[in-house]
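Asks: Going down the list, the protein sequences come from chains A and B. So the first sequence is residues 804 to 995, counted in our numbering. So the second sequence is residues 42 to 231, counted in our numbering. Glycine included, each C-beta is placed from N, C-alpha and C at the ideal position. Once you've had a glance at the structure underneath, I'll fire off some questions.
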Amino acid sequence: MNTAAISTVLEKLKGRIPAVVCAILAVVAFVYTYARGAMEATLVESETALTSEINQIDANTRAAAELANQLETLNQSVESIEARLFQASARAINTNFFYQMEELADIRVAQVRQGSVIAPEGNREYAAIEYTLVAEGTFTDLVQFLYNLRTVNAFIEIRTFDIRGASGGGATRDAANLTLSCTIRVLAQKET
Amino acid sequence: MVRTNFLVNFAAVALLVGATFLLAQRELRISQYEKSIDNLNSRIAASASENRENLRLNREFIAAARRIEEVQAFYQNPFVVHQLIAELALTRPQNIIFREVSFTQAAPAATARRGRGGAAAARGPRLPTYRMEIRGDVRELEILNDFKNVLEEFPFATEGYGLSISESVQQRNQAGIFPYSIEVVLAPES
Chain A
804 MNTAAISTVL EKLKGRIPAV VCAILAVVAF VYTYARGAME ATLVESETAL TSEINQIDAN
864 TRAAAELANQ LETLNQSVES IEARLFQASA RAINTNFFYQ MEELADIRVA QVRQGSVIAP
924 EGNREYAAIE YTLVAEGTFT DLVQFLYNLR TVNAFIEIRT FDIRGASGGG ATRDAANLTL
984 SCTIRVLAQK ET
Chain B
42 MVRTNFLVNF AAVALLVGAT FLLAQRELRI SQYEKSIDNL NSRIAASASE NRENLRLNRE
102 FIAAARRIEE VQAFYQNPFV VHQLIAELAL TRPQNIIFRE VSFTQAAPAA TARRGRGGAA
162 AARGPRLPTY RMEIRGDVRE LEILNDFKNV LEEFPFATEG YGLSISESVQ QRNQAGIFPY
222 SIEVVLAPES
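Below you can see the structure in the form of structure tokens.
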């Protein structure tokens, strides 16, 4: 029975050999096309990633067109800043820095006390040193001294101040001898 | 029978042609992608050293800019102290005496920004409270009151701060003078 059926099918196929061959080749082609689909997807992914990388490189190149010049200017500014920083270990030089300001404002610096070094927080680069200064002079000269602290060749922030008459005089009388006490912070190099 | 065979053979050939076309199309696309990838890889390789240099410059730029920003941030105080004192002295009426002028700043309090639902989303800037005290003598309380009004108009206030001024006066002494104290507080607004 089976043998007869097979014989019948083979008999029919004899006249359709090209169709059989073509069908087999078509199936092979479809399977191969499907298999290459995964390859194509991988290549598309790679191309997208590389295009994105190239775009980033192009953007970097465009951004960097003036970067070298700007960096040079910026580095000069940083050098200028760092030349003006105090060094916590140079206590005598630091103290003398304030005594040297006496002549600029015609006042007498009675006391300079170097306080604690405030270490930089997080990824900051610079520390700060706290100083307590006591100076004596007229009101105008003490204001001049505070102005000098602001404009002198160091980074100084006045945190607190107190101006009072040294001998009961008014705090705004030029004739009176006044005492200025102030705490300041000076930007300093980070200790290594 | 012959006609049927012809039709079957024709359909099979058409199927093969279709499959071959799809395969060719896919191979063509793959080939194009491969060429494109080769081209992109060559471009990346050619610009790699330049890109590394650009990235190095960029890193250095960020580091240098951070240092400059740090110096700017160092000056937290919104006042220029010598100007503040000088302007205060100019504002002072002639018939009021300053015996002491002091300026302090309290440790900054952390303020929290509120996110959705009232939850603290991020820590806000840490702003200190500034306090200035003037002590002195005055003969007439009206003069002190006028001076307090002048101080209320004084340009202390800076953005994000609230101004409050209070005064206290002692009893008139034997010389007929009222010792007074005026406190000016600039506190961060919540």
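1. Of all the residues that make up the segment 208-221 of chain B, which are near chain A by a beta-carbon distance shorter than 9 Å?
2. Using a C-beta cutoff of 8 Å, does Ser880 (chain A) count as contacting chain B?
3. Determine the contact status of Arg916 (chain A) and Tyr934 (chain A), defining contact as a CB-CB distance below 8 Å.
4. With 16 other CB atoms within 10 Å as the buried threshold, where does Val49 (chain B) fall?
5. With distances taken between CB atoms, is the gap from Arg962 (chain A) to Ile987 (chain A) smaller than 8 Å?
6. Using a Cβ-Cβ distance under 8 Å, would Arg100 (chain B) count as near chain A?
7. Would you say Ser849 (chain A) reaches chain B, if we count a Cβ-Cβ gap shorter than 8 Å as a contact?
8. Mind listing, in chain order, the continuous beta strand (DSSP E) runs of no fewer than 3 residues lying wholly within the segment 860-944 of chain A?
9. Within the 8 Å Cβ cut-off, does Val946 (chain A) reach chain B?
10. Going by C-alpha to C-alpha distance, which of B:Leu64, B:Gly217 and B:Ala127 sits closest to Glu181 (chain B)?
11. Which term fits Leu96 (chain B), buried or exposed, when burial requires 16 or more other beta carbons within 10 angstroms of its beta carbon?
12. Check this for me: beta carbons of Leu907 (chain A) and Ala938 (chain A), under 8 Å apart or not?
13. The segment 882-908 of chain A: which residues have C-beta closer than 7 Å to a C-beta of chain B, in chain order?
14. Using a Cβ cut-off of 7 Å, pull out every chain A residue sitting near Arg84 (chain B), in sequence order please.
15. Candidates A:Ala930, A:Cys985, A:Arg894 and A:Leu870: which alpha carbon is nearest Thr995 (chain A)'s?
16. Taking 8 Å as the threshold (beta carbon to beta carbon), is Gly968 (chain A) in contact with chain B?
17. So with CB distances below 7 Å, who are the chain A contacts of Thr145 (chain B)?
18. Spatial neighbours of Asn951 (chain A) within its chain, please: C-beta separation below 8 Å, excluding the five flanking residues on both sides.
19. Does the beta carbon of Thr152 (chain B) come closer than 8 Å to any beta carbon on chain A?
20. Do you know offhand how far Ala1046 (chain A)'s Cα is from Leu846 (chain A)'s?
21. Could you tell me which residues DSSP puts in a beta bridge with Val823 (chain A)?
22. Should Gly156 (chain B) go down as buried or exposed, given a rule of 16 or more other Cβ atoms within 10 Å for buried?
23. Glu25 (chain B) to Leu990 (chain A), Cα distance in whole Å?
24. Does the beta carbon of Leu990 (chain A) come closer than 8 Å to any beta carbon on chain B?
25. Quick check: Phe833 (chain A) and Ala60 (chain B), are their CB atoms within less than 8 Å of each other?
26. Do the segment 892-904 of chain A and the segment 865-882 of chain A meet, that is, are 3 or more Cβ pairs less than 8 Å apart?
27. Might you give, ordered along the chain, the residues of its own chain that have their beta carbon closer than 6 Å to the beta carbon of Phe144 (chain B), omitting 5 neighbours on each side?
Replies: In terms of the structure at hand:
1. none
2. yes
3. Yes. Within cutoff.
4. Taking all protein chains shown into account, Val49 (chain B) has 16 or more neighbouring C-beta atoms within 10 Å of its C-beta and is therefore buried.
5. yes
6. no
7. So, interface residue.
8. Fully enclosed beta strand (DSSP E) runs of no fewer than 3 residues occupy 911-921 and 929-940 of the segment 860-944 of chain A, in order along the chain.
9. yes
10. B:Gly217
11. exposed
12. It is not a contact, given that the beta carbons lie outside the stated cut-off.
13. Answer set for the segment 882-908 of chain A: Ile884.
14. Near Arg84 (chain B) (Cβ distances below 7 Å), the residues of chain A are Ile857.
15. A:Ala930
16. yes
17. The contacting residues are Thr963.
18. The answer, listed in chain order, is Met904, Leu907 and Ala908.
19. For Thr152 (chain B), the predicted structure reports a pLDDT of 49, less than 50, and the residue's modelled location is therefore unreliable. The matter cannot be settled from this model.
20. Here chain A has residues from 804 to 995 only, and residue 1046 (chain A) is not among them.
21. Bridge partners of Val823 (chain A): none, in fact.
22. Any reading at Gly156 (chain B) needs caution, since the residue's pLDDT is 45, under 50, leaving its predicted position unreliable; the model's value is listed next. With fewer than 16 other Cβ atoms within 10 Å, it is exposed.
23. As displayed, chain B neither begins before 42 nor continues past 231, which places residue 25 (chain B) out of reach and without an answer.
24. yes
25. In contact: Phe833 (chain A) and Ala60 (chain B) (Cβ atoms closer than 8 Å).
26. no
27. Met173
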